[in-house]
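Quick note: the sequence shown, position 358, residue 358 per the UniProt record's numbering, numbers continuous. We put the CB at the ideal spot given by N, CA and C, even for glycine. Everything numeric in this text was worked out from a predicted model, so none of it was measured. To start, the structure under review is shown below, and the notes come after it.
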Amino acid sequence: MATKLQPPHVDSKNKKVDYSKWERRNKKKSAQQKNIETILWTTVPDPNAASNGDHQSTGAEQCLPLSSTTARRLPNDKSAGKSHPKTADGNTLTSTPYGSGKKSIAEQKTDPAFIKKKDNNTKTLKLLLNSKGKAVKELEALCALVQERNQLLAQEIRDTDKGSVQSAEEYLDRHEKLGTSISAFNDWSQSQITEANDELKETEEVSKKSLSALQRELSEIHAKLANAQAELHTLKTYKDKEYPVKVLIITNIKREIEKLEETQQDEYEDLKQLCQNETETQAERNLQRRQKLLVATVKENVSRVPHVIRLMASDNVTMKAEIEFFKKEIEKQEEKNDELTHSIQELRLSRKSVREEIFEDVFTKLDKCTPDMDVVLNIPKEEWLPI
């Protein structure tokens, strides 16, 4: 059944296709890496300036590009490709600046122009060597940088190839699984349809049964409603006729109950007061009885004690009372002494000097002048008579 429902294009898609010929794993890279030729510039002094004695960079300098492998020769170097004769000590024979007559080796060594030219050539060679060394170092650093970048680019390319291959394989697997699952999906949908039809029939039967039960309940509810309406009618008639009489009876009974509660409360308070009075009288009687018994027992016991001991006991009691009395008197005297000492100190502090007491008119007491007080000079003025 599943094979009949499948369309013709699904069978063609279910077949496993070989995609290895389109993979990029074994193919060569289309874009080859270019050899980066970095041009390093070195400064070469002008030979004319060197021959004139100015071997430093005073004039225009020629900038010559150097490749990564070999350095190009100067275009003005006429001695390039030619071999110069050498002497026994290794010096190269060159033409004199005058170019006329030939000189011996000893004369050339002592010639100042030759020596100057030789020094200039030596300095020029040193400059060339230094510049080439710097160029080589820069080229090595650049080569390392380019190599690192090439490795990074190669790794990125490999990663992208790997990711694209994996994504393509995943899409192919999904397509194959989809093609194989269409038939299963059709079978599953057919089974679901049959199950849904069966469930629909069952629900129809259950709904019919529940509908009949609901109809029976509805008839019962209608009967209960009729009974409730009849009860409501009877209650309305009771409220209109019998309820006021019952309410009046209930209010009368409540009033009687309140009166009984008040009378009961008064009786309870009277009884409580009576009980309290009786308990107080009984307590006083018991206390009197106890005191009498205590006095009798004390007298009986004291009568047995010798007369001397009784006298000593009475003396002790009187002595205790006197001691307490004298303690209180001593405390009073101490308080008075404290007050007197305090008053004496105050009098000592407030005492005037003898001179001020004797010559009170002379030593008048004046207030001291503080810095924040205003000074008023009371100087008598001469007033002219109006003549």
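{"Check": "Asn252 classed as buried or exposed, judged by whether at least 16 other C-beta atoms fall within 10 angstroms", "Outcome": "exposed"}
{"Check": "Residue environment, Asn316, which counts as buried when at least 16 other CB atoms sit within 10 Å", "Outcome": "exposed"}
{"Check": "In chain order, each alpha helix (DSSP H) run of at least 4 residues that lies wholly inside the segment 300-353", "Outcome": "307-349"}
{"Check": "As assigned by DSSP and simplified to three states, the class of Pro380", "Outcome": "coil"}
{"Check": "Cβ neighbours of Pro371 in the same chain (closer than 7 Å, five flanking residues each side left out)", "Outcome": "none"}
{"Check": "Collapsed DSSP secondary structure at Thr370 in the structure displayed", "Outcome": "coil"}
{"Check": "Integer Cβ distance of Arg310 from Val302, believed to fall under 8 Å", "Outcome": "6 Å"}
{"Check": "Start-end ranges of the alpha helix (DSSP H) lying completely within the segment 118-198, minimum 4 residues", "Outcome": "none"}
{"Check": "Contacts around Glu261, its chain only, beta-carbon distance under 8 Å, and the 5 residues preceding and following it disregarded", "Outcome": "none"}
{"Check": "Under the three-state DSSP convention, the category Glu242 falls into", "Outcome": "coil"}
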